[in-house]
Amino acid sequence: MCHVRQCRSHELRSKILSLHLLLSILQNAGPIFRANEMFVTAIKQYLCVALSKNGVSSVPEVFELSLAIFLALLSKFKMHLKMQIEVFFKEIFLNILETTSSSFEHKWMVIQALTRICADAQSVVDIYVNYDCDLSAANLFESRSDRASILSSKPQEGLGPFHQSPKKEYRDVEEANFGM
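Laid out in structure tokens, this is it:
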């Protein structure tokens, strides 16, 4: 029988290993794999639900891997996951950026993920066309732009030694995203 601490540690290691394996599978998915209806259905029914749970994890490594998996899904499976992408943006990304109880580290990882998304011009256009121009969808591009603007204009409290100049880093992100 294991102690509670050991069991949790084993569970966490298992979760992290599983997330690494899923990330590798998604990043290396070829066209046949990406078009397989059974695989796409499994992503929608199981992986996206698991991502929504792990996407709010307080464990930085789990959170970071969840973001990486989301970016892989966005890159390789976005044509199948319109509703799931919208939910992830609204419930995870924007919620973390808006919530004062979210750690700076989590907010910073979300900003880095958004920066990676915005580095691909086609992704920005796709987000705008598929969400902001769709009357039944959320205005993801507008919301993301608003949050980036708010975050770039005010430094976070209690950063400690994690980052030396958050205001400069936020400006760098804003410049990368908007060419300002």
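In UniProt numbering, the protein residues as written are 1 to 180. Quick reminder that beta carbons are idealized off the backbone N, C-alpha and C, glycines included.
- Drop a sphere of 10 angstroms on the beta-carbon of alanine 29, count the other beta-carbons inside from all chains shown, and report buried for 16 or more, exposed for fewer. Working through the sequence shown from its first residue, we reach residue 29 at position 29. Around the beta carbon of alanine 29, a 10 Å sphere encloses 16 or more other beta carbons of the protein chains shown; the residue is thus reported as buried.
- Item | Uninterrupted alpha helix (DSSP H) stretches inside the UniProt domain "Mon2/Sec7/BIG1-like HUS" (8-140) (no shorter than 4 residues) | Counting whole runs of 4 or more residues, the UniProt domain "Mon2/Sec7/BIG1-like HUS" (8-140) contains the alpha helix (DSSP H) stretches 31-35, 37-42, 48-54, 60-77, 82-88, 95-98, 104-118 and 121-127.
- Message: Using 8 Å for Cβ pairs, my map puts lysine 76 next to arginine 116. What's the rounded Cβ distance?
- Response: Residue mapping note: residue 76 aligns to position 76 of the sequence shown, counting from 1. Residue mapping note: residue 116 aligns to position 116 of the sequence shown, counting from 1. Your pair lysine 76 and arginine 116 does not check out as a contact, with CB atoms roughly 14 Å apart and the cut at 8 Å.
- Hey, would you say isoleucine 85 sits closer than 8 Å to lysine 78, going by beta carbons? Working through the sequence shown from its first residue, we reach residue 85 at position 85. Working through the sequence shown from its first residue, we reach residue 78 at position 78. Between isoleucine 85 and lysine 78, the C-beta gap is smaller than 8 Å, which places the two residues in contact.
- Message: To the nearest angstrom, how far is the alpha carbon of phenylalanine 88 from that of valine 129?
- Response: Along the sequence shown, read from residue 1 onward, the residue named residue 88 stands at position 88. Along the sequence shown, read from residue 1 onward, the residue named residue 129 stands at position 129. Going by the C-alpha atoms only, they are around 17 Å apart.
- Message: Excluding the 5 residues flanking phenylalanine 39 on each side, which residues of the same chain have their C-beta closer than 7 Å to its C-beta?
- Response: Taking the first residue of the sequence shown as 1, we reach residue 39 at position 39. Answer for phenylalanine 39: Phe33, listed in chain order.
- Task: Determine the direct distance from the alpha carbon of glutamate 64 to that of serine 58, and round the result to whole angstroms.
- Result: If you number the sequence shown from 1, residue 58 lands on position 58. If you number the sequence shown from 1, residue 64 lands on position 64. Cα to Cα, serine 58 sits roughly 10 Å from glutamate 64.
- Message: Measuring straight from C-alpha to C-alpha, what distance separates leucine 67 and valine 124?
- Response: Indexing the sequence shown from 1 puts residue 67 at position 67. Indexing the sequence shown from 1 puts residue 124 at position 124. Cα atoms of leucine 67 and valine 124: separation of roughly 17 Å, rounded to the nearest angstrom.
- Message: Restricting to Cα atoms, I'd like to know which of Leu81, His106 and Leu94 is closest to aspartate 126.
- Response: As a position in the sequence shown, residue 126 is number 126, starting the count at 1. Its Cα nearest to that of aspartate 126, the residue Leu81 stands out among Leu81, His106 and Leu94.
- Minimum Cβ-Cβ distance from serine 75 to chain B less than 8 Å: This model lacks chain B altogether, as it is built from one protein chain only.
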